[in-house]
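Novice: Before we start, here is the structure in question, set down as structure tokens.
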Amino acid sequence: MRFTDPSLSKIHEKLLRGRRLGFEDGMSLYRSDDLLGVGRLAGLVREEKFGRDTYFVRNQHLNYTNMCVNRCVFCAFSRDRDEEGAYVFDLRTAEEQIRSRLHEPISEIHIVGGLNPSLPFSYYFDLIQMVKHIRPEATVKAFTAVEIEFFSRLTGRSIEEVVRELKRAGLEMMPGGGAEILSERVHRKLYPKKIGPVQWLNVIRTIHGLGIPTNATMLYGHIESLEERVTHLLSLRSLQDDTKGFTAFIPLAFHPENTRLSHLKTTGGMEDLKTLAVSRLLLDNIPHIKAYWVMISPALAQVALSFGADDLDGTIVEEKISHMAGARTPKGMSVGEIRHLISSAGFRPVERDSFYNIVGEGCKHGA
Amino acid sequence: MEHKTRMDFQEALDLYQDEDLLSLGAMADLVRQELHPDKTVTYVVDRNINYTNICGSGCRFCAFFRPPGHEEAYLISQEELSQKIQETLNLGGTQILLQGGIHPDLRLDYYTELLRFIKTNFPIHVHGFSPPEIHYLARKEGRSLHDTLENLMEAGLGSIPGGGAEILVDRVRKEVSPNKCTAGEWLAVMETAHGLGLRSTATMMFGHVESIEERLDHLFRIRNLQDRTGGFTAFIPWTFQPENTRINVPKASSAEYLRLLALSRLVLDNIPNLQASWVTQGPKIAQVALKFGANDLGSTMIEENVVAAAGVTFRLNREDMIRIIETAGFQAQQRDTFYRPI
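Printed below as a string of structure tokens:
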């Protein structure tokens, strides 16, 4: 493999010898102007792990409330309690949403919301129980580390107790949101009321310790430096060495519209691809890298499959959080559309469940 | 050096079918670096003015045209045209892309008067009338292509857009645009124009009913003509946008677009510029295209109607255009119709 940037040859050598990449390698990759070279390196790793397989899940999003006490600077979704547009789903509304799609073979329900002090802890317990009751076959993937920590403060109970209780209700997996950029500097500036990097990592460690796998994310493209991105990735990697609890990593491209950072511009396609590729290369111990089409567009997510990504997330209907921030992407994709997106790039679509077990193989009529 | 040998059809086909997307991109990127070593990406400030949407061709891929007598059919008025051109000049524009449908009743006089009106009143370059329009006009007037083009040039036509090429293979044209000029006729208009010193671009609309081999035939036909004339300034491929049309296929994906773009850069070794199509691909893929052989981002398109009619509405102002180029590590340079810096 030949590169126009000589620093990539050194990194290639390291990969061939099975040596772990470090902070400086991460910076060289990010700073390289040989985008396709970085992509090809990430593609090698992806190919070795998964060949041409590309995963997707049939899922449903449920954003149960947008009332939030944190009001992070980068958020276009949250509302104060009395603000216009503020909402909270009572259990009945949530149930209606789940029931409205019972005819579809959805295997994952993704539930996240704002930090809403008017809801008692029993609400979350009941919400999960309700979903498991009417959709027993689907995995409930719910609540970020930020929500869990909030529940802990709300109830005065420990993180362990909160998670054990929700697990009893049917919680099986957790999404990776709320990590933002794991940097104290960015924490103070953009999300001062939300738990910071140390606490986020600690909460996740506890959750993994209780046998609940989670994803991990990184919100990039606002005020963070490249150094802070690389440090973020390495913090995740180091936690993963201890817990093995992360299933997938999802870089989230920041959408400035309707936020208090609306003077910033959306990320470019090259930056999105670079971030995915660097993630694939640095996160040698996190199995999956997800190109989240809701944020970067289906077109770019497809190209990302050649830059290290092996997962396109889901079909998703009713995504609210990114679309409130001006994402112009469709709110949902059909299984046919997602399969075509994958196969027309020369990859093999594989339908999965939340734990990456293959779904529907040999049942071709289902497509 | 390997790439100094000219690529033949079979080599191109093998690459297209078997080569890994990023390796293909890297090969195209090397060619771009050699042709444009100054790390510059160009763009033009212009407006697409469609003087009429009346068209007798009825191409199946088109969502823009209206048949004569349709309630939404129009022919632009002089006031509207003037206003659009003045706005273009006010925004720093240097050219208008003037195209219409193939209007069954307009005579050569209409076109020459239109051009004279524009050139008398506005300091702007007219990049106008695609080969199907010129071919139709010449036939209707019973004049040669040479004579027709000379008349248009005398009236102020500055260059010709490469539209209406679709796929330059008659099997495909019979299926999707049976009433429009043949591949040979399209090429004949270009050859005649180039012979008169009128330069043009060349385009390709792919992702409908054509095969991979037919896509390559298209590229090689363009390359052969360019060997004879040297008149093409740029090649501009884009993907068919199926919404609101009468061809029911899934849209060609961004990965297919980048593959074709990179291959174009490798095959068309005699055409200096390769334009990325942000109008059909969106700004993110257009930026990525700069690593797959493209060295030009086309026009800011103060106005665009044809792709928009097929349900695609990306918008990009000059500031966005410059940012996309600069954040990709290139220098942005406004250019004129002939790819000269302004």
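Chains as they are written, first to last, in the working numbering: chain F, 19 to 385; chain Z, 421 to 762.
Just so it is clear, CB atoms sit at the ideal spot from N, CA and C, and this is done for glycine as well.
#1: Could you check what DSSP says for residue 443/F in three-state terms: helix, strand or coil?
#2: Return yes when the Cβ of residue 330/F is within less than 8 Å of the Cβ of residue 309/F, no when it is not.
#3: Counting C-beta neighbours from all protein chains within 10 Å, is the total for residue 510/Z 16 or more, i.e. buried, or is it exposed?
#4: Decide if the region 218-234 of chain F is in contact with the region 253-271 of chain F; the criterion is three or more beta carbon pairs, one per stretch, under 8 Å apart.
#5: Suppose the cutoff is 7 Å on Cβ atoms and the five residues either side in sequence are ignored; what does the same chain contact list for residue 536/Z look like?
#6: Ignore the nearest five residues each way along the sequence and tell me which others in residue 201/F's own chain have a CB closer than 8 Å to its CB.
#7: Mind checking whether residue 273/F and residue 313/F have CB atoms under 8 Å apart?
#8: Would residue 463/Z and residue 740/Z be called neighbours here (beta carbons separated by less than 8 Å)?
#9: Closer than 8 Å is the cut-off here; do at least three beta carbon pairs connect the region 288-308 of chain F with the region 657-675 of chain Z?
#10: Work out the CA separation of residue 719/Z and residue 532/Z for me, nearest whole Å.
#11: From what residue to what residue does the alpha helix (DSSP H) around residue 287/F run?
#12: Tell me the rounded alpha-carbon separation between residue 381/F and residue 641/Z.
#13: Rank 750/Z, 567/Z, 627/Z and 489/Z by C-alpha distance to the C-alpha of residue 681/Z and give the top, closest one.
#14: Please list, in chain order, the residues of the region 273-294 of chain F that have any C-beta partner in chain Z closer than 9 Å.
#15: Would you call the region 495-508 of chain Z and the region 751-758 of chain Z in contact, with 3 or more CB pairs under 8 Å?
#16: Do we get a CB-CB distance below 8 Å when we pair residue 705/Z with the residues of chain F?
#17: Taking DSSP's pairing of strands, which residues face residue 622/Z in a bridge?
#18: Give the straight-line distance between the Cα atoms of residue 487/Z and residue 601/Z, rounded to the nearest whole angstrom.
#19: Write down every uninterrupted run of the alpha helix (DSSP H) in the region 646-693 of chain Z whose length is 4 residues or greater and which is fully enclosed by it, in chain order.
#20: I'd like the list of long-range same chain contacts for residue 744/Z, defined as Cβ closer than 6 Å, with 5 residues on each side in sequence excluded.
#21: Determine, for residue 442/Z, whether the minimum Cβ-Cβ distance to residues of chain F falls below 8 Å.
#22: State the CB to CB distance for the pair residue 163/F and residue 275/F, rounded to an integer number of angstroms; the pair is presumed to be in contact (CB under 8 Å).
#23: Considering only DSSP beta bridges, list what residue 548/Z is partnered with.
#24: Please report the distance separating the alpha-carbon of residue 757/Z from that of residue 289/F.
#25: Short of 7 Å Cβ to Cβ, which residues in the region 726-755 of chain Z face chain F?
#26: Please list, in chain order, all residues of the same chain as residue 211/F whose beta carbon is under 8 Å from its beta carbon, the five residues on each side excluded.
#27: From residue 713/Z to residue 432/Z, what does the alpha carbon distance come to, in whole angstroms?
#28: List the endpoints of the continuous beta strand (DSSP E) containing residue 366/F.
#29: Please return the same chain residues whose Cβ sits closer than 7 Å to the Cβ of residue 441/Z, not counting the five positions on each side in sequence.
#30: So, at 8 Å on beta carbons, what are the nonlocal neighbours of residue 157/F in its own chain, with the 5 sequence-adjacent residues on each side left out?
#31: Can you list the residues of chain F that residue 445/Z reaches, using a CB-CB cut of under 8 Å?
#32: Any beta carbon of chain Z sitting closer than 8 Å to that of residue 385/F?
#33: Note down the Cα distance separating residue 271/F from residue 203/F, rounded to an integer number of angstroms.
#34: Taking 7 Å as the cut-off, is the CB of residue 442/Z close to at least one heavy atom of the ligand SAM?
#35: For residue 421/Z, count neighbouring C-beta atoms within 10 Å of its own C-beta (all shown protein chains included) and say buried if the count is 16 or more, exposed if not.
#36: For the 8 Å Cβ check, are there 3 or more pairs between the region 173-180 of chain F and the region 51-58 of chain F?
Specialist: Let me spell this out:
#1: As displayed, chain F neither begins before 19 nor continues past 385, which places residue 443/F out of reach and without an answer.
#2: yes
#3: exposed
#4: yes
#5: 575 and 576
#6: 215, 242, 246, 249 and 250
#7: yes
#8: no
#9: no
#10: 25 Å
#11: 287-300
#12: At residue 381/F the pLDDT is 45, less than 50, meaning the model places this residue with poor confidence and gives no usable figure here.
#13: 627/Z
#14: 283, 284, 285, 286, 287, 288, 289, 290 and 291
#15: no
#16: yes
#17: 655/Z
#18: 18 Å
#19: 674-687
#20: 703 and 707
#21: yes
#22: Their Cβ separation, rounded to whole angstroms, is 26 Å, which puts residue 163/F and residue 275/F out of contact at 8 Å.
#23: 518/Z
#24: 30 Å
#25: 743, 744, 747, 748 and 749
#26: 87, 88, 89 and 90
#27: 15 Å
#28: 366-369
#29: 675, 678 and 679
#30: 125, 126, 127, 190, 191, 371, 372 and 373
#31: 54
#32: The pLDDT assigned to residue 385/F is 37, lower than 50, so where the model puts this residue is not dependable, and the model offers no usable value.
#33: 19 Å
#34: Although the ligand SAM was asked about, the structure shown includes no ligands whatsoever.
#35: Residue placement at residue 421/Z cannot be trusted, given a pLDDT of 43 that sits under 50; what the coordinates show is reported in the next sentence. The residue is exposed, with fewer than 16 neighbouring Cβ atoms inside 10 Å.
#36: no
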